[in-house]
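Worksheet for the structure shown next.
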Amino acid sequence: MNSVRVEQQTYEMPPREGFTVAHFLTVADVDRSLRFYEKIFGGRILSRGDKDGAPGYLQLANTWIIVNLGGGPTPDKPSVILGVLADPNKVDSFINLRVADIQACYKLWKSRGAEFITEPKDKYGETRCYIRDPDGYIIEVGQSKPEFTYG
Numbered sequence: 010m011n012s013v014r015v016e017q018q019t020y021e022m023p024p025r026e027g028f029t030v031a032h033f034l035t036v037a038d039v040d041r042s043l044r045f046y047e048k049i050f051g052g053r054i055l056s057r058g059d060k061d062g063a064p065g066y067l068q069l070a071n072t073w074i075i076v077n078l079g080g081g082p083t084p085d086k087p088s089v090i091l092g093v094l095a096d097p098n099k100v101d102s103f104i105n106l107r108v109a110d111i112q113a114c115y116k117l118w119k120s121r122g123a124e125f126i127t128e129p130k131d132k133y134g135e136t137r138c139y140i141r142d143p144d145g146y147i148i149e150v151g152q153s154k155p156e157f158t159y160g
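Residue 10 is where the sequence shown starts when you use this note's numbering, and the numbers rise one by one after that.
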């Protein structure tokens, strides 16, 4: 198994220096999405947004998710319109959660109401399955096989 030594740092949202990485999701209902990620994965809601269109922020493990209603264009992206998935079976990106014990996560998250597409299945180098969030986005849950080496 490969291991990576990472300098111990504290990451904040928003960052006071450097940068952090967040995944942005365009959603139909900010509060519903925040509750989903809080309930299923134990995410910590940092901001629920507001009636003026401020997004919601959620810390999920070592990253952040920003959820906001669709809309646009805006002056900083004059030709871009944000919208929820038109077809939840056609995606071009997704959140990928790497877990230590996929069977335990499958049982726990299913008991919390997660809707899995299938049960965990073996795939080259890993066992994985997928969850759909309230807007149809897929979330991959994967556990690497002990004999698999990255890189």
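Where a beta carbon is used, it is the ideal one built from N, C-alpha and C, also for glycine.
Residue i, buried or exposed, once every other Cβ within 10 Å from all chains shown has been counted against 16
i	result
A113	exposed
T29	exposed
T83	exposed
S42	buried
D101	exposed
Beta-bridge pairing of residue i - partner residues as DSSP gives them
i	result
T83	K86
W73	A31, Q68
G151	R107, R137
V36	L78
K132	E135
I54	L67
L94	Beta-bridge pairing links L94 to no other residue.
Per-residue DSSP class, three states only, for residue i
i	result
R121	coil
S42	helix
I170	Because the chain in this structure spans residues 10 to 160, residue 170 falls outside the shown range and cannot be described.
Y115	helix
K48	helix
Within 8 Å, strictly: CB atoms of residue i and residue j
i	j	result
T127	G151	no
V36	D144	yes
V76	L34	yes
- Message: Would the stretch 52–59 count as touching the stretch 84–99 if we require 3 or more Cβ pairs under 8 Å?
- Response: No, because fewer than three Cβ pairs between the stretch 52–59 and the stretch 84–99 fall closer than 8 Å, the two stretches do not touch.
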